[in-house]
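Using full-length UniProt numbering, read the sequence shown as starting at 1 and increasing by one per residue. The beta carbon of each residue, even a glycine, is placed where N, CA and C say it ideally should be. Predicted model, so just to flag it, every value in this text is computed and none were measured.
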Amino acid sequence: MTQSHEQELDLTTLWHRLKRALPWILALSLALAGLTYFWSRSKPAVYEAQASLLVTGGSAQAADSVLGEALVKAPPLPEGAVAQALQSTSVMGPLTARIAQNAAIPEPEQQRLIENLQTELAERSMETVRLTSRLDLYGNGIYTVAGRANTPEAARTLANLAAQSLLEWDKDRALASVRQAQQGFEAQLSQVEAELKAARAGSPERSLLASRQTALQQSLTQVGILEQSISGVLQPLSEAITPLSPVEPQPVRNAALAGIAGLLLGLGFATLMAVADRKVRSEDDLLDLGLPTLASLPKLRQRDVMMRGMVRAARQAGLYEAIGFLRVNLLSALQGVERPVIMVTSSAPGEGKSSVTATLADALAGTGKKVLIIDADLRRGTQVQVWQKYLNGSVPTWTSMIGENGAQDTPSALRDPYNVQVLATEDNVHLLPAGQGMQDSLGALNAAQLSEAIGLWRSRYDLILIDSAPLLALADGLVLGKVADGVVLVTESGQTDLRAIRNSVRRAERAGLNLLGFVINKQSQSAESSYSYSYSYSPKSRAEG
1 MTQSHEQELD LTTLWHRLKR ALPWILALSL ALAGLTYFWS RSKPAVYEAQ
51 ASLLVTGGSA QAADSVLGEA LVKAPPLPEG AVAQALQSTS VMGPLTARIA
101 QNAAIPEPEQ QRLIENLQTE LAERSMETVR LTSRLDLYGN GIYTVAGRAN
151 TPEAARTLAN LAAQSLLEWD KDRALASVRQ AQQGFEAQLS QVEAELKAAR
201 AGSPERSLLA SRQTALQQSL TQVGILEQSI SGVLQPLSEA ITPLSPVEPQ
251 PVRNAALAGI AGLLLGLGFA TLMAVADRKV RSEDDLLDLG LPTLASLPKL
301 RQRDVMMRGM VRAARQAGLY EAIGFLRVNL LSALQGVERP VIMVTSSAPG
351 EGKSSVTATL ADALAGTGKK VLIIDADLRR GTQVQVWQKY LNGSVPTWTS
401 MIGENGAQDT PSALRDPYNV QVLATEDNVH LLPAGQGMQD SLGALNAAQL
451 SEAIGLWRSR YDLILIDSAP LLALADGLVL GKVADGVVLV TESGQTDLRA
501 IRNSVRRAER AGLNLLGFVI NKQSQSAESS YSYSYSYSPK SRAEG
């Protein structure tokens with residue numbers, strides 16, 4: 001399996017996990033959208049009104065011919081100058097004063113607007129009053145002044161007052177040039193008057209000074225007239241009108257945005273969780289491995305297992321039906337094989353292969369088949385412990401499978417397959433225990449005549465189940481699997497790592513084992529399952545009939 005193919009398979013697994021999480025993500029997104037909607041509706045309404053100002057590129061051009069070089073003209077407004085002025089005390093100071101004196105704005109709204117403007121001025125972030133512009137390359141165009149308030153009339157008044165404050169700021173800026181020129185003329189006139197007093201009567205110099213005095217006085221008069229009529233580059237274009245509907249809040253828009261954000265965040269979080277969580281959860285996680293899932297077995301309550309034992313507890317509705325699916329699928333997969341031998345293994349210890357083997361044997365025995373369980377996990381055999389609760393304290397019966405007074409554990413039986421005794425755990429189920437744990441289990445298996453032993457024993461049973469050591473823990477299963485007609489790989493829902501399963505499948509395929517499929521063990525009854533077991537489907541009572 002190439003690395004690129006593995007990445008493609010990982011994407012398939014990721015999609016299946018996201019698909020399982022999608023209902024929760026959608027539910028959370030809808031909940032977030034609903035909360036946002038009702039939260040938005042609880043917020044006070046905000047109205048916005050807009051006033052427009054016209055801007056031209058020059059100022060007081062008519063004064064040139066009258067004042068000559070004595071007049072210092074106001075330069076055109078540079079880009080961004082009006083926006084900066086709006087965020088200065090030169091505009092905000094007069095604006096807040098006008099708000100406090102305007103009867104069209106209720107007093108509580110006056111206080112709120114003034115506090116907001118002062119805070120925004122300090123933070124250099126204007127929201128209550130905003131400015132936008134549409135200017136050409138020469139600085140000509142339109143400024144739009146928007147005012148926001150909690151009532152329509154207050155919004156209209158605020159926009160007009162803000163526009164008025166900007167006009168007066170611009171006019172004061174233009175008058176600065178005229179006033180500077182006026183100061184220059186006054187200084188020249190004072191000097192001429194001083195020289196005139198010192199000049200001799202009837203002299204030509206006195207006549208020139210008198211003419212100069214008259215000219216300066218005329219210029220001052222013209223400057224005074226100009227001061228009354230001059231204006232800046234900003235001109236009023238249109239006043240604000242009372243808005244009909246609020247601009248905020250917008251519950252539907254906010255809810256939609258919150259829902260979309262929740263959906264994206266949920267998908268992102270689910271993707272991270274799916275990438276981080278490499279555990280098997282359902283059949284979908286195993287689809288890319290190319291093998292069927294033979295059954296998904298529900299998790300039993302620990303109390304039932306402790307009190308009644310695994311085999312008896314497994315006979316309750318949920319696991320009984322699931323084991324039935326496993327039995328049918330196995331026999332179908334091995335159809336045409338006479339007296340089949342099936343090895344049950346796992347990737348790692350603790351995934352429940354021994355309990356699956358025992359409950360499967362119990363289910364097969366219930367259909368009249370005679371079953372032999374070979375506990376071939378020679379290091380940690382547990383089949384005897386699994387059946388102890390079922391035996392309920394009674395002493396198990398040893399019976400001769402072949403020969404007389406033969407071996408009573410798997411290693412000894414493999415050395416002498418013609419003399420073997422087995423435990424009769426229940427009708428039609430015999431167990432060959434693993435015996436005492438041994439260190440060199442692989443050596444014992446390699447030294448045994450496995451094919452001869454299994455061929456000899458299978459003639460006495462309808463089916464043989466081999467409980468093997470985990471594939472990734474020991475190589476024992478790779479040796480045992482070669483004498484089996486099929487191999488079942490048990491995985492534990494929420495615990496078995498997908499990479500471990502892939503490694504197990506690789507090892508089994510390289511060894512030439514016939515992998516029949518997977519069993520997902522200990523699956524939560526709320527988890528997704530392609531089998532759709534009805535755990536509550538119990539026989540109806542007479543009253544229901």
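Identity of the residues DSSP links to residue i by a beta bridge
i    : result
G141 : V55 and L135
A149 : Y47
S346 : V490
R130 : A146
K279 : D497
V341 : I464
D172 : For D172, which the question treats as bridged, DSSP gives no partner whatsoever.
T399 : V422
A407 : V420
Option in the options with minimal Cα separation from residue i
i    : options                   : result
Y418 : S459, R380, A97 and Q436  : S459
D497 : D416, V305 and R281       : R281
L18  : S88, L264, G232 and Q111  : L264
S88  : T399, W169, N514 and S346 : W169
D172 : D409, S90, V479 and A159  : S90
A159 : L86, D288 and S211        : L86
R253 : D476, L489 and G34        : G34
L294 : A199, V519 and S347       : V519
R148 : Q383, V247, R312 and G232 : V247
F38  : A258, R98, E123 and S165  : A258
R212 : T221, V192 and R200       : V192
R41  : E79, Q250, A333 and A473  : Q250
Y461 : G403, G368, E205 and N514 : G368
S354 : S412, S165, L431 and A240 : L431
W24  : L267, E404 and R415       : L267
Endpoints, beta strand (DSSP E) assigned at residue i
i           : result
residue 546 : This structure does not reach residue 546, given that the chain is present from 1 up to 545, and the question cannot be answered.
D362        : It is not in any beta strand (DSSP E) - D362 instead sits in the alpha helix (DSSP H) that spans K353 to G366.
S238        : L234 to S238
L432        : V429 to L432
A424        : V420 to E426
I241        : Where I241 is concerned, there is no enclosing beta strand (DSSP E), given that its DSSP letter is neither H nor E.
V371        : V371 to D375
Residues near residue i by beta carbon distance below 8 Å, same chain, minus five either side
i           : result
W15         : none
R20         : R281, S282, D284 and E528
P243        : Y47, E48, A49, P152, A155 and R156
A475        : L442
residue 546 : Only positions 1 to 545 of the chain appear in this structure, which leaves residue 546 out of reach.
G437        : L378, R379, R380 and G381
Counted within 10 angstroms of its Cβ, other Cβ atoms place residue i as buried (16 or more) or exposed
i    : result
T119 : exposed
G224 : exposed
D485 : buried
S29  : buried
P298 : buried
K522 : buried
S65  : The pLDDT assigned to S65 is 40, lower than 50, so where the model puts this residue is not dependable, and the model offers no usable value.
I454 : buried
S59  : With a pLDDT of only 41 at S59, under the threshold of 50, the placement of this residue in the model should not be trusted, and no figure is reported.
G350 : exposed
Host alpha helix (DSSP H) of residue i (start-end)
i    : result
A313 : M310 to A313
M92  : T89 to Q101
P298 : First-last for P298: T293 to P298, but that is the beta strand (DSSP E), not the alpha helix (DSSP H).
D476 : D476 to L480
I105 : I105 -> no alpha helix (DSSP H), and no H or E assigned at all.
S451 : L450 to W457
L391 : Q383 to L391
L442 : S441 to A447
Q250 : Segment: none, Q250 is in no alpha helix (DSSP H) and carries neither H nor E.
Cβ-based neighbour list, residue i, same chain, cut-off 6 Å, excluding 5 preceding and 5 following
i    : result
I464 : V341, L372 and R458
A365 : V371, N428 and V429
Cutoff 7 Å; reference residue i; Cβ partners in own chain excluding five residues on either side
i    : result
G139 : V55, G57, P76 and L77
G545 : Residue confidence is low: G545 scores 38 on pLDDT, short of 50, so the model does not pin down where it sits. No coordinate-derived value is stated.
L326 : L294, A295, L360 and V519
L445 : D476, V479 and L480
P44  : N150
CB contact check: residue i to chain B, cutoff 8 Å
i    : result
S207 : Going by chain labels, chain B is absent from the structure shown, which holds only one protein chain.
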